[in-house]
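What follows is a short report on a single structure.
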Amino acid sequence: THLTGLRGEEALKEARRIVLSESGSASGSASGSASGSALKELEELEELLRLLDFYEVRYTLNLGIARGLDYYTGMVFEIYEAGGRQGKLGAQSQICGGGSYRLAALFGGGEVASTGFAFGFDRLVEMFSPEKEGEDLRRSKVVVVPIRERTATVGGDRDGEVLKTAIKIASRLREFVPTYLDVMGRNVGAQMSYANSTAASFAVLVGREEVREGKVTLKNLETGEQESRSVRQAISLLSSSLSSPSRRNT
């Protein structure tokens, strides 16, 4: 195809050009509908890439990948060990693969869009570092709470800035402490209930006012006390007080 061998922004621009070209030349309703569907899928991919950017995930866009054509119905992905061939796994650096599909109907369900993936456990075991064995990674110590009036995307609405800021804070905190961030658009009450159920130590509340002032509301879930802090101060305080020695030294 025209997309084989293209990567990143170049591949995205070429895909959009092809879809718009097909849409403009479509003469029948079927072809026009197909072009509209392709454009919608492309827009969803662009939204996904914006999310990856906000999470600061290192990725390579390759629209020439063909993976499980009889199984997957949309986006597919592969996850590799950081460092690639120079990492612990060498040439066998892929540790996970997956994609989107619609298989629920085969088992009596509806046409439900789903995403699945599988890890290579033998490769994950090989990657584990001995110094990490004593850490309790199951317990979230911090819960980042985006305060949104409605379900938001990062593509431009007002609450999108709240989500974007919350993602950046959570990504930074995860370098030091186990951190949870709600991705299901739940309200503040539901998020705080979850925070209390996990025995987290702190909640970091991020709303429109906090985003505007460059601050967050930091709540101690053990004492109930809360205070306004700059983003940098909050991250510094939480990372120094909650992280294990091995993480602080990395």
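For what it's worth, this note's numbering labels the leading residue of the sequence shown as 19, then goes sequentially. For every residue, glycine included, the Cβ atom is placed at its ideal position computed from N, Cα and C. Note that this is a predicted model, so its numbers are computed, not measured.
query	result
Determine the DSSP secondary structure at Asn214, reduced to helix, strand or coil.	helix
Measure the alpha-carbon distance for Ala218 versus Arg68 and round it to whole angstroms.	29 Å
Would a C-beta distance cut-off of 8 Å place Val249 and Ile187 closer than the cut-off?	yes
Once the 5 residues before and after Val130 are set aside, which same chain residues still bring their CB inside 7 Å of it?	Arg120 and Ala122
Below 8 Å on the Cβ atoms is my guess for Leu107 versus Val162; work out the distance and round it to an integer in Å.	Contact flag wrong, Cβ pair sits at about 31 Å.
Report yes if the C-beta distance between Ser118 and Met93 is below 8 Å; otherwise report no.	yes
Starting from the C-beta of Ile185, find all residues in its chain whose C-beta is less than 6 Å away, skip the five residues before and the five after it, and write them out in chain order.	Phe72 and Tyr73
Using the C-alpha atoms, what's the distance from Glu227 back to Glu240?	25 Å
Among Asn205, Gly225, Ala252 and Glu243, which has the Cα closest to the Cα of Leu181?	Gly225
Report, in whole angstroms, the separation of the C-beta atoms of Thr197 and Ser158, which I expect to be a contact under 8 Å.	6 Å
Thinking Arg247 and Val229 are a contact (beta carbons under 8 Å), I'd like their distance in whole angstroms, please.	Not a contact, Cβ separation roughly 14 Å.
Measure the Cβ-Cβ separation of Asn205 and Phe220 and say whether it is below 8 Å.	no
Could you check if Ala100 is buried or exposed, using at least 16 other CB atoms within 10 Å of its CB as the buried criterion?	exposed
Can you say whether Val160 is buried or exposed, counting buried as having 16 or more other CB atoms within 10 angstroms of its CB?	buried
Please look up how many angstroms separate the CB atoms of Arg141 and Ile113, rounded, as I've assumed it's under 8 Å.	5 Å
Kindly indicate which residue of Ala33, Gly203 and Gly116 has the alpha-carbon position closest to the one of Glu167.	Gly203
Taking 6 Å as the limit between beta carbons, can you name the residues of its chain near Arg156, skipping five residues before and five after?	A caution first: Arg156 carries a pLDDT of 48, below 50, which makes its placement in the model unreliable, though a value can still be read off. Once the five neighbours on either side are set aside, Arg156 has no close Cβ partner at all.
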